[in-house]
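Chemist: Just passing along the structure, written as structure tokens.
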Amino acid sequence: MFLRTLVVSGFKSFAEAKIDFPNGITAVVGPNGTGKSNIVDAILWAMGEQSVKSLRSERMEDVIFNGTEQRKPMGMVEASLIFSEVTPRELEPVSAILEGLDQPTDVMITRRLYREGDSEYYFNKIPCRLKDIRGFLWNARAGARGQSVIEQGNIEQLLNASPQERREFIEGTAGIIRYKKQKAEALRKLQSTENNLLRVRDILGEVRGQLRTLNRQAKQAEEYQAFLREARELEVQLLTHDFRRFFQDQCQFEHELQESESQELSCLAEEARLVAEHQTVQLELTSASETLKDAQDRFREIEQQLSHAFTAIQIERNRLEQYEQQHAQVMEERARLNGEGQEATGSLEALRERLAQIRCEMEILSVTLEEGEGGIADLALRRRETAEKVDKGHETILALAVEKTNQENRLRSIAEGQSSMARRIERLTVEYSQSQNDQTTLQAESEALRQECSSLESQLDALRNNQDRLEVNLQSQRETREELDEKILDLQTQVAGTESELRAIQSVFREEIGYGHHGEGDEASIRVACSSIQEALAERMEVPEEVEKAIEAVLGERLQAWIVQSSQEAEKFIAQFKQHEWGKGSFIPLNIPRQGPKGPADWWNVIQHDPEVRGLAVDFVQVPDKLKPVIEALLGNTVIVKSLSGALNLMTEHSWFQGNGPLLVALGGELVSPAGIISGGSGGEAGGLLRRRREILTLEEKLNTLTVGLEEAKANRKSLLQEIEDVSRQLEEATLSIREMEFHMLTIQKEASSKEKALPDLLRRLDALQQDRLAEEEEWGQLQVEEVEVQTRLEHLNQTRAYEDEALRQLLDALNTLDQERQDMLQSLNDTRMNFQALKSQWDYEQANVERIEREEEHRKTRIRQIDGQLEHLFLQSRKSQEERLTNESLVEELDIQKEAIAGTLLELQNRHAGCMEEVKRLDGLIGKARETLSHIFKSRVPIEGRLAEVRAKFRAVEETLTMTYEISTDDLKNPPDAGRIAEGLEGSEQASEEQTGQWREQLQGIRKKLERIGPINLAAIEEHAQLEERYQFLLAQEEDLAGSIQSLQEIIQRLNQTTNKLFAETFKELQVKFSEVFSALFAGGRAELILVEDTQEGQESEGPNLEPGVEIVAQPPGKRLKNLNMLSGGEKTMTVMALLFASFLIRPSPFCVLDEVDAPLDETNVVRFGQFLRQMADRSQFIVITHNKRTMETANSLFGVTMEDPGVSKLIAVRLHELEEVS
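Numbering-wise, the UniProt record's numbering puts 1223 at position 1223 of the sequence shown, and it's gapless, one number per residue.
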């Protein structure tokens, strides 16, 4: 491979240039400053040089042709290198670019830069990366700056280099640079992979901890779910039992509510009549109140207006006095200012007369000065004009001679420029047309891609909005699920606690009733032996809390009496009690005839309104209808009073101790009987039964409420889980659709971005081509005009030269005469200037005094105008204040009249309002009595409704739980046997199933305690554990892959180290031999060698065992001792370094080499040797030499001259076989 052609457009001083380099040695010569080294810079820049300093610039944009006085600057720079005879092996780094194309033997690399800073690279006109170009050059051994391009600065750098830097030069010779680049890239990847491995291991540590936690939580969740399933089965069995019991209770209470409805209707009608009459009177009262309020508001408003009017009158009087005081002060100040103004006027007139006198004197001197200065200026002007004419004459004569020569040269240059421009314009026109076609095609393709991308973005936005909505919905549902889980757990805890408390109280209650004292310790034993026993009396009674002690004191042990159907059963059970030694038991047969409800006794009419009496005991007790006769018999003669002292007073007052009165019981439980027996003190065995019965009912109601809430929460959670599953599935589908569309859109965007990125480059290319073509055409026209002007100018120059010689002699005589006249006039003018300056100082002083007095007078006049305005304002304000005062006095008289009229009306309205208030009070009393009657009716119904509502609520709760929560049909359970068999069946079934029900409840309680001990449960832990386990396995695979990558990279780095060490050793050995041979040839004897040394600086330890040894150069010129390179002379150093460079070429030749003035420090003898050596290596490599030395020029096969006929524009002339050939 060799460098065939360099083509530049707009590079530094080369506006346009094309250089065809032949094989062998090519010399580039020319004067300093014409742009020879710009050829070297262009080659370096095209090869990808990024150092602005190496290109001798401050900014990269400085390499663009900046224009001259005749040529416009260019918008871009382009440089291309064309290589010939390229082998396939050299094209391996760019095989991807040339894929699908024929293997070329000629290759062109191009670099382009725009003023905006955008840079482009092309390989055979195909866009590529800088990395591709460098890879191609390195592979062809043309990329090392110190070998392909050698400047004088490179030699100095190698001379002053450290041993380690010289080692880098040998590595470049050995071709190790690309391996080091690969090693650096592998080290970067190794560092990145190790960082990634650290991050993966950190994440693995976190995931392991989370996995252990979730594993434990998942096991707990599975155990929790197993317990929940077992609890559900027990709950279903218990709910079925409760359902049958509540259904029977509901049927008993529904009939009891119908009796009180007729009484309620009549009371409601009377109440409605009274309310209607009350509303009519209330309307009249409201109207009267509003009228009275309006009158009172108007009266207060008038009083307030009177107060404001009196206050305004007093304010205006005070304001008038202030106006009079201000008027006197202002008049006094105005008189003072008028006096000061008269004094100032006199002083001002005197000063102005003095100024006028000084002005006259100054004008006389000024005229004299102007005349003198005018004369001198006239003389100076005449002399300057004459001197300028003399200088101009000299310059004109010289310029005429120079211009004639220049014009003749310019005619030749114009002819050459026209020929060059014609070729450039034709090339620019062809390139512009091709670029326009490319632009049209690119715009159409880019627009189609943009439209498709816009459509996809709209679809993607819709999908993303749907995804966001689903994610928000899913997050909300998951939060709701967590809240429901917490609520369910809380409700389960409350239900368990309430059930436990209820069972404890029920157990105590049953034991106090007698279940624990008769038989084997529980009610089941009695129910089994005495199957027809229903319940104890206390189990069927409901008593208000405040009278519980009183009722318990009256009934005593009778609260524990068992309810049976007949006296025969009671007799049978007593016999069984004796047989089993269960102790004593009381029984209440229901079939015994008892006296029905009777009216109140005579003594009740006497005491019912006594403040100590609370009421008949029987009125406070609520029992089923079949037990009402029993309660009437037990409590019909009992009255509840507030206290024991009140009971004793009633007994004494009415003489009831003779046995003709009622039994009195106090709220505290004290008894006073008509027989004169008074009992009291602490409670006995039956104490607290009614209180425990009330607590059981309260807890049962609470338990029912909690159970309903729990089942509702469970149903809501089940529904929510289904919704979460649906939303999750929709979210996965939406995410998959988004990924597919994003991938598709990314492909389109990438293609559109590529075309859009190419479009600005193409537009800049079009703009640059258009500007260059217009500039060339404009310059073409200028050259044509200029050619005509130059020919005309040459004819005129010969005629002008003779005339200018005669005129110059006459001007020199006139110049001497003018110098003498100017000296006389300067002396007279200086005297006059001194007198004028004295008068000017005096005039300035007096003028300052006049200006000061005028300023003071202006201030006084301004103040007097302000005072006049202030006086006028005070007059207007005073008159306005008097008008306001008179207006307020009139308003006071008018308001007094209105106040007296409203006072009379106000009194009449107050009387009317009082009458309406009396009527409203009367109707309120009647309505209160009617509502009190209605309240008594409601109170009689409330216990029945409460029991019915309670039973219905429990029944509905159990039914809803069975049907909704457990999905069990209750139709069969609602069809029991006929009513006649209900009671018998119920008694038998309750006794038979109570033991089993207790076992179920104990099992359920045990399961709930286990659930409580488990604690808070994360039900989602099972699913989260599976997901985290999958992620953990993925991270383990990632860790294994990264570890494998690190091992692979370490092996690659090791192989690269082995390869570079081997290449360096082989190259160093070969270079050692060649360096000694070339040194002996250049110095005609002597010897030189390369030595490996440890590169350590003074006072600094070695950086480590991996530091590679440096290279030191030792040389021994003929007739001298072996010396270090630093001990040689300047020429010997240069020749030694050249010997090293030539030796590297001999063992690893570069396709071409550019030598930029490297022969400058050599004497003639060494230059001859240098040239001889170049000829010996010319058959191995191509040399381009920038030089000023004639001996080097003689060595070259071809010669290029660089000139600058147009200022700022470099031009090349090729010399080959003594024939001139112009190249553009």
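All C-beta atoms, glycine included, are put in the ideal place defined by N, C-alpha and C.
Are there three or more Cβ pairs, one per stretch, closer than 8 angstroms when the segment 477 to 495 is compared with the segment 779 to 788?
Modeler: No: fewer than three Cβ pairs fall under 8 angstroms.
Chemist: Is the beta carbon of leucine 811 closer than 8 angstroms to that of valine 390?
Modeler: Yes; because the gap between Cβ atoms is below 8 angstroms, this pair is in contact.
Chemist: Please report the straight-line C-alpha distance between alanine 666 and serine 643, rounded to a whole angstrom.
Modeler: The straight-line gap from Cα to Cα measures roughly 5 angstroms.
Chemist: Rounded to the nearest angstrom, what separates alanine 553 and glutamine 576 at their Cα positions?
Modeler: Spanning the two alpha carbons is a distance of roughly 29 angstroms.
Chemist: If you draw a straight line from the alpha carbon of alanine 550 to that of glycine 915, how long is it in whole angstroms?
Modeler: Their backbone Cα atoms lie some 50 angstroms apart in a straight line.
Chemist: Using the beta-carbon count (16 or more within 10 Å), is lysine 36 buried or exposed?
Modeler: Its Cβ being crowded by 16 or more others within 10 Å, lysine 36 is buried.
Chemist: Between the C-alpha atoms of glycine 205 and glutamate 1029, what's the straight-line distance to the nearest angstrom?
Modeler: Using only the alpha carbons, I get a separation of about 13 angstroms.
Chemist: Please report the distance separating the alpha-carbon of residue 1225 from that of threonine 800.
Modeler: An answer regarding residue 1225 cannot be provided, because it is not within the stretch 1 to 1224 covered by the chain.
Chemist: Going by the beta-carbon positions, is the gap between glutamate 156 and glycine 117 smaller than 8 angstroms?
Modeler: It is not a contact, given that the beta carbons lie outside the stated cut-off.
Chemist: Can you check the segment 849 to 912 for any alpha helix (DSSP H) of at least 4 residues that lies completely inside it and give the ranges in chain order?
Modeler: Within the segment 849 to 912, no complete alpha helix (DSSP H) run reaches 4 residues.
Chemist: Measuring alpha carbon to alpha carbon, tell me which of Val613, Val630, Gln823, Gly946 ends up nearest threonine 698.
Modeler: Checked all of Val613, Val630, Gln823, Gly946; the closest Cα to threonine 698 is Gly946.
Chemist: With 16 other CB atoms within 10 Å as the buried threshold, where does asparagine 338 fall?
Modeler: Asparagine 338 is exposed by the Cβ-count criterion.
Chemist: Between which two residues does the alpha helix (DSSP H) harbouring lysine 18 extend?
Modeler: Looking at the DSSP string, lysine 18 is not in any alpha helix (DSSP H); the run it does join, the beta strand (DSSP E), is 14 to 20.
Chemist: Counting along the chain, where does the beta strand (DSSP E) carrying glycine 1201 start and finish?
Modeler: Start and end: 1198 to 1203.
Chemist: Is alanine 1155 helix, strand or coil when you go by DSSP?
Modeler: First, the amino acid is wrong: residue 1155 is leucine here, not alanine. Strand at leucine 1155.
Chemist: By DSSP, does proline 127 sit in helix, in strand, or in coil?
Modeler: Strand, per DSSP.
Chemist: Going residue by residue through the UniProt domain "SMC hinge" (531 to 651), where are the continuous alpha helix (DSSP H) segments of at least 4 residues, counting only ones entirely within it?
Modeler: 548 to 555, 567 to 580, 602 to 607, 628 to 635, all fully within the UniProt domain "SMC hinge" (531 to 651).
Chemist: CB of threonine 1195 to nearest heavy atom of the ligand MN: below 7 angstroms?
Modeler: Ligands in the displayed structure: none, and consequently the ligand MN is not present.
Chemist: Is it buried or exposed for serine 148, if we count other Cβ within 10 angstroms and need 16 for buried?
Modeler: By the 10 Å Cβ count, serine 148 comes out buried.
Chemist: Let me know the secondary structure DSSP gives glutamine 1182 once reduced to three states.
Modeler: Strand at glutamine 1182.
Chemist: Taking the alpha-carbon positions, what's the lysine 861 to valine 850 distance?
Modeler: C-alpha separation (whole angstroms): 17 angstroms.
Chemist: For lysine 1211, which beta-bridge partners are listed by DSSP?
Modeler: BP columns for lysine 1211 point to Thr1203.
Chemist: What would DSSP say about methionine 108, mapped onto helix, strand or coil?
Modeler: Here methionine 108 sits in strand by DSSP.
Chemist: Within its chain, find whatever has a CB closer than 7 angstroms to the CB of aspartate 978; leave out the 5 residues flanking it on each side and keep chain order.
Modeler: Because the pLDDT of aspartate 978 is 44, which lies under 50, any placement of that residue in the model is unreliable, and the question is left without a value.
Chemist: Can at least three beta-carbon pairs, one atom from the segment 1057 to 1066 and one from the segment 1128 to 1142, be found at a separation below 8 angstroms?
Modeler: Short answer: they don't touch.
Chemist: Have a look at glutamine 325 and asparagine 318 and give me their C-alpha separation to the nearest angstrom.
Modeler: Rounded to whole angstroms, glutamine 325 to asparagine 318 spans 11 angstroms at the Cα level.
Chemist: Let me know if leucine 948 comes out buried or exposed under the rule of 16 or more other beta-carbons within 10 Å of its beta-carbon.
Modeler: Buried, because 16 or more other Cβ atoms sit within 10 Å of the Cβ of leucine 948.
Chemist: Evaluate serine 824 with the Cβ neighbour count: other Cβ atoms within 10 Å of its Cβ, from every protein chain shown; 16 or more gives buried, anything less gives exposed.
Modeler: The amino acid occupying residue 824 in the given sequence is aspartate; serine does not appear at that position. Aspartate 824 is exposed by the Cβ-count criterion.
Chemist: When you compare only the Cα positions, how much space is there between serine 719 and leucine 470?
Modeler: Rounded to the nearest angstrom, the two C-alpha atoms are 17 angstroms apart.
Chemist: Are there 16 or more other CB atoms within 10 angstroms of the CB of tyrosine 803, so buried, or fewer, so exposed?
Modeler: Tyrosine 803 should be labelled exposed.
Chemist: Within the same chain, show all residues whose beta-carbon is closer than 8 angstroms to that of isoleucine 678, passing over the 5 residues directly before and after it, in chain order.
Modeler: These residues qualify, in order along the chain: Leu644, Leu648, Glu670, Leu671, Val672.
Chemist: Near leucine 1035, which residues of its chain fall below 8 angstroms by C-beta distance, leaving aside the five closest residues on each side in sequence?
Modeler: The answer, listed in chain order, is Val200, Ile203, Leu204, Val207.
Chemist: Where does methionine 74 land, buried or exposed, given buried means 16+ other C-beta within 10 angstroms?
Modeler: With 16 or more Cβ atoms within 10 Å of its Cβ, methionine 74 is classed as buried.
Chemist: Could you check what DSSP says for serine 119 in three-state terms: helix, strand or coil?
Modeler: Correct three-state label for serine 119: strand.
Chemist: Distance check for leucine 306 and arginine 298, CA to CA, integer angstroms please.
Modeler: Rounded to the nearest angstrom, the two C-alpha atoms are 12 angstroms apart.
Chemist: Helix, strand or coil, according to DSSP, for residue 1234 in the structure here?
Modeler: What is shown of the chain runs 1 to 1224, which leaves residue 1234 out entirely.
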